[in-house]
Amino acid sequence: MTGARTTSTAVPAPLASRLVPPDPPHPLVVRSRLHDRLDHATRCPVTVVAAPAGWGKTVLLSAWLRARPAGGPPAAWLATGPGPFWPALHAAVRLALAGHPDLPPAPAGEDPSYPDRLAAALPELPEPLIVVVDDLHATEGPRVGDGLARLVGAAAGRLRLVVAGRGEPDLPVSRWRLTGEVAEIGAAELAFTPAEAAELLAGHGVQLPEPYLTDLCRRTEGWPAGLRMFAWHARGRPDPAAVARRFGGGTPVVAGYLADEVLAGLPAPVVDTLTRTCLTDDLSGELVAALTGRDDGERMLAGLAAAHAFVTRRDATTPRYRVHPMLAESLRERLHRDLPGQVPVLHRRAADWYAATDRPVRALLHAVAGGDWPAARALVGSAWPRLVLDGPVGGTATVTYYLRVGAGV
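Using our numbering, read the sequence shown as starting at 434 and increasing by one per residue.
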């Protein structure tokens with residue numbers, strides 16, 4: 434596929450718009466490193482591009498397909514939407530393989546036999562067909578994942594399936610990992626590098642001094658939508674550096690996006706739990722229980738991480754999690770606005786839990802933030818060697834700082 438195809442007039446207009454890659458945003462940063470990564474990844478039968486909202490999945494795949502040289506393998510594009518999945522996929526494949534005589538007839542609704550019939554037609558192709566399914570997490574059809582897995586397995590190497598979505602796809606990815614049949618591209622690879630961020634900002638007419646650019650990339654963690662929102666926010670402003678200093682998860686455009694694209698898709702109790710635990714950046718099931726009384730915190734956090742809901746596991750060895758800095762800041766704004774009386778209470782509960790689990794530095798930080806001066810005084814008295822060695826300010830300045838702030842601690 435080189436550029437958008439003209440869709441057949443036999444395809445209904447709402448479906449036709451889902452069969453071509455969307456136009457790229459302006460300005461577009463051509464991310465050659467990721468195009469090369471996709472070229473390499475699609476040597477595997479399946480490529481999974483999974484990341485949270487706004488991580489540039491659709492933009493990347495669309496730009497990659499449009500940039501492919503003429504005469505390459507055929508490529509089909511399908512953006513998932515309402516209605517049965519298999520007829521839509523058939524329309525996408527038919528468009529990509531215009532003139533191929535051996536395609537099966539269009540399925541009537543969710544025909545469970547269609548993946549097998551389509552797979553039977555693909556071995557006759559001279560080179561593999563690339564099929565990109567965007568927003569697979571939004572698919573409405575039953576057992577679509579099973580059908581796609583059968584399609585991949587029966588296609589005799591003539592199919593390269595590329596799926597993009599926000600969560601772990603309903604596909605046998607674990608098995609494919611063991612057999613080397615899947616390539617995966619996640620948020621870490623999709624994150625903008627400082628050079629890519631600078632190019633994006635320059636395309637909006639925003640020049641940001643290097644220290645501010647570095648700090649912005651650190652706080653956004655390269656989140657493409659966050660950087661694009663900053664560019665829109667700072668465009669035409671006389672002092673972009675000042676805008677960068679104030680830009681964060683509490684900025685209305687960012688908070689609104691996160692509310693609509695992330696929090697609105699979560700159950701209300703989960704949003705409430707995230708809000709009540711946003712004062713710490715190191716979450717576990719036990720800490721969730723201490724802060725909220727919820728006894729399924731580990732399962733909730735693991736589910737959010739698997740769904741790529743701006744929650745990630747810190748490492749593979751311990752069940753500890755962190756919320757993306759932009760979402761955490763937005764949640765703190767929500768907490769102070771909607772539950773201001775809970776802020777000191779939650780800090781004190783966190784202080785008690787960290788003290789009980791032998792983490793005095795974090796305990797002291799939360800005790801001071803919660804105004805619990807007796808607890809802070811007790812921590813300084815009992816754990817001052819650890820505070821001196823491990824404190825965030827450095828050396829004795831840590832304890833001295835809190836003694837001064839505490840006014841009597």
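Virtual Cβ for every residue (Gly too), placed ideally from N, Cα, C. From a predicted model like this one, the values you see are computed outputs, not experimental measurements.
Practice task
Using the Cα positions of glutamine 775 and leucine 798, report the straight-line distance between them to the nearest angstrom.
Solution key: Taking the sequence shown and counting its residues from 1, the one referred to as residue 775 is at position 342. Taking the sequence shown and counting its residues from 1, the one referred to as residue 798 is at position 365. A straight line joining the alpha-carbon of glutamine 775 with that of leucine 798 spans about 17 angstroms.
Handout entry: Where leucine 646 falls: helix, strand or coil (DSSP)
Key = Counting from one through the sequence shown, the residue named residue 646 turns up at place 213. Here leucine 646 sits in helix by DSSP.
Problem - Where arginine 651 sits in the DSSP three-state scheme - result: Along the sequence shown, read from residue 1 onward, the residue named residue 651 stands at position 218. The three-state reading of DSSP puts arginine 651 in helix, counting H, G and I together.
Exercise for the section: Can you tell me which of Thr513, Ala740, Thr790 puts its alpha carbon nearest to the alpha carbon of leucine 569? Expected result: Within the sequence shown, the letter at position 136 stands for residue 569. Residue Thr513 is the option with its Cα nearest to leucine 569.
Problem - Residue closest to tryptophan 497, alpha-carbon to alpha-carbon, out of Ala486, Asp469, Gly516, Trp488 - result: Reading the sequence shown from its first residue, position 64 is the one you call residue 497. Minimum Cα distance to tryptophan 497 is reached at Asp469.
Practice task
Whole angstroms is fine: what's the gap from arginine 668's alpha carbon to leucine 633's?
Solution key: For this step, residue 668 is matched to residue 235 along the sequence shown. For this step, residue 633 is matched to residue 200 along the sequence shown. Roughly 12 angstroms between the two C-alpha positions.
Problem - Close beta carbons around alanine 658, own chain, < 8 angstroms, minus the five adjacent residues each side - result: Position 225 of the sequence shown, counting from 1, holds the residue named residue 658. Excluding positions up to five away in sequence, the list reads Ala486, Gly487, Trp488, Gly489, Tyr690.
Exercise for the section: Give me the Cβ distance between arginine 583 and proline 561, rounded to the nearest whole Å; I'm assuming they're in contact under 8 angstroms. Expected result: As a working mapping, residue 583 is identified with position 150 in the sequence shown. As a working mapping, residue 561 is identified with position 128 in the sequence shown. With 8 angstroms as the limit, arginine 583 and proline 561 do not qualify as a contact, their Cβ atoms being about 17 angstroms apart.
Handout entry: Which listed residue (Pro644, Val481, Arg591) has its alpha carbon closest to that of alanine 553
Key = Along the sequence shown, one-based indexing puts residue 553 at 120. Here the closest residue by C-alpha is Arg591.
Practice task
Select from Val453, Glu617, Leu511, Arg610 the residue whose C-alpha is nearest the C-alpha of aspartate 472.
Solution key: Within the sequence shown, the letter at position 39 stands for residue 472. Closest option to aspartate 472, Cα to Cα, is Glu617.
Handout entry: Burial state of leucine 737 (16 or more Cβ within 10 Å)
Key = As a working note, residue 737 is residue 304 in the sequence shown. Of the other Cβ atoms in all chains shown, 16 or more fall within 10 Å of the Cβ of leucine 737; this residue is therefore buried.
Exercise for the section: Compute the distance between the beta-carbons of alanine 509 and isoleucine 563, then report whether it is under 9 angstroms. Expected result: One-based indexing of the sequence shown puts residue 509 at position 76. One-based indexing of the sequence shown puts residue 563 at position 130. Yes, the pair counts as a contact, with Cβ atoms nearer than the cut-off.
Exercise for the section: Grab me the residues of valine 744's own chain with a C-beta within less than 7 angstroms of its C-beta, minus the 5 sequence neighbours each way, in chain order. Expected result: If you number the sequence shown from 1, residue 744 lands on position 311. Excluding sequence neighbours, valine 744 sits near Leu734, Leu737, Ala738, Tyr754, Val756.
Exercise for the section: Report yes if the CB atom of alanine 808 is closer than 9 angstroms to the CB atom of alanine 783, and no otherwise. Expected result: Walking along the sequence shown from the start, residue 808 turns up at place 375. Walking along the sequence shown from the start, residue 783 turns up at place 350. No.
Practice task
Report buried or exposed for histidine 459, applying the criterion of at least 16 other Cβ atoms within 10 angstroms of its Cβ.
Solution key: On the sequence shown, residue 459 is found 26 positions in, with the first residue counted as 1. Around the beta-carbon of histidine 459, fewer than 16 other beta-carbon atoms lie within 10 Å, marking it exposed.
Handout entry: Buried versus exposed, by CB contacts within 10 Å (16 or more), glycine 505
Key = By 1-based counting over the sequence shown, the position of residue 505 is 72. So glycine 505 counts as exposed.
Problem - Three-state secondary structure assigned by DSSP to tryptophan 510 - result: On the sequence shown, position 77 is the one that residue 510 refers to. Of the three classes helix, strand and coil, the one that applies to tryptophan 510 here is strand, per DSSP.
Problem - Alpha carbon of glycine 681 to alpha carbon of threonine 647, nearest angstrom - result: For the purposes of this step, residue 681 is taken as residue 248 along the sequence shown, with counting starting at 1. For the purposes of this step, residue 647 is taken as residue 214 along the sequence shown, with counting starting at 1. In a straight line, the C-alpha of glycine 681 is about 14 angstroms away from that of threonine 647.
Problem - For leucine 594, the three-state DSSP class (helix, strand or coil) - result: Within the sequence shown, residue 594 is the residue found at index 161, counting from 1. Reduced to three states, the DSSP call for leucine 594 is strand.
Problem - Secondary structure of alanine 616, DSSP reduced to three states - result: Sequence index remark: in the sequence shown, residue 616 carries index 183 (1-based). Three-state result, alanine 616: strand.
Handout entry: Strand pairing of aspartate 568, partner residues [DSSP]
Key = By one-based count along the sequence shown, residue 568 stands at place 135. Bridge partners of aspartate 568: none, in fact.
Practice task
Report buried or exposed for serine 607, applying the criterion of at least 16 other Cβ atoms within 10 angstroms of its Cβ.
Solution key: As a working note, residue 607 is residue 174 in the sequence shown. Under the 10 Å beta carbon count, serine 607 is surrounded by fewer than 16 other beta carbons and is classified as exposed.
Handout entry: Test item: CB-CB of leucine 623 and leucine 467 under 9 angstroms
Key = Residue 623 sits at position 190 when you count from the first residue of the sequence shown. Residue 467 sits at position 34 when you count from the first residue of the sequence shown. Contact: yes.
Handout entry: N- and C-terminal bounds of the alpha helix (DSSP H) containing threonine 725
Key = As a working note, residue 725 is residue 292 in the sequence shown. Here the alpha helix (DSSP H) through threonine 725 covers 718-725.
Exercise for the section: Look up threonine 708 in the DSSP assignment and say whether it is helix, strand or coil. Expected result: Looking up residue 708 in the sequence shown gives position 275. Residue state, collapsed to three classes: helix.
Practice task
With DSSP as the reference, label valine 756 as helix, strand or coil.
Solution key: For the purposes of this step, residue 756 is identified with residue 323 of the sequence shown, where counting begins at 1. Strand at valine 756.
Practice task
Could you tell me which of Glu643, Leu768, Gly718 sits nearest to alanine 688, measuring between CA atoms?
Solution key: Taking the first residue of the sequence shown as 1, we reach residue 688 at position 255. The candidate whose alpha carbon is nearest that of alanine 688 is Leu768.
Practice task
To the nearest angstrom, report how far apart alanine 621 and valine 566 are at their CA atoms.
Solution key: Position 188 of the sequence shown, counted from the start, is the residue given in the question as residue 621. Position 133 of the sequence shown, counted from the start, is the residue given in the question as residue 566. CA-CA distance, alanine 621 to valine 566, rounds to 21 angstroms.
Exercise for the section: Could you give the DSSP three-state label for valine 463: helix, strand or coil? Expected result: By one-based count along the sequence shown, residue 463 stands at place 30. If DSSP states are grouped into helix, strand and coil, valine 463 belongs with coil.
Handout entry: Reference valine 778, options Asp791, Pro793, Val794, Val801, closest by Cα
Key = Translated into the one-based positions of the sequence shown, residue 778 becomes position 345. Nearest of Asp791, Pro793, Val794, Val801 to valine 778, Cα basis: Val801.
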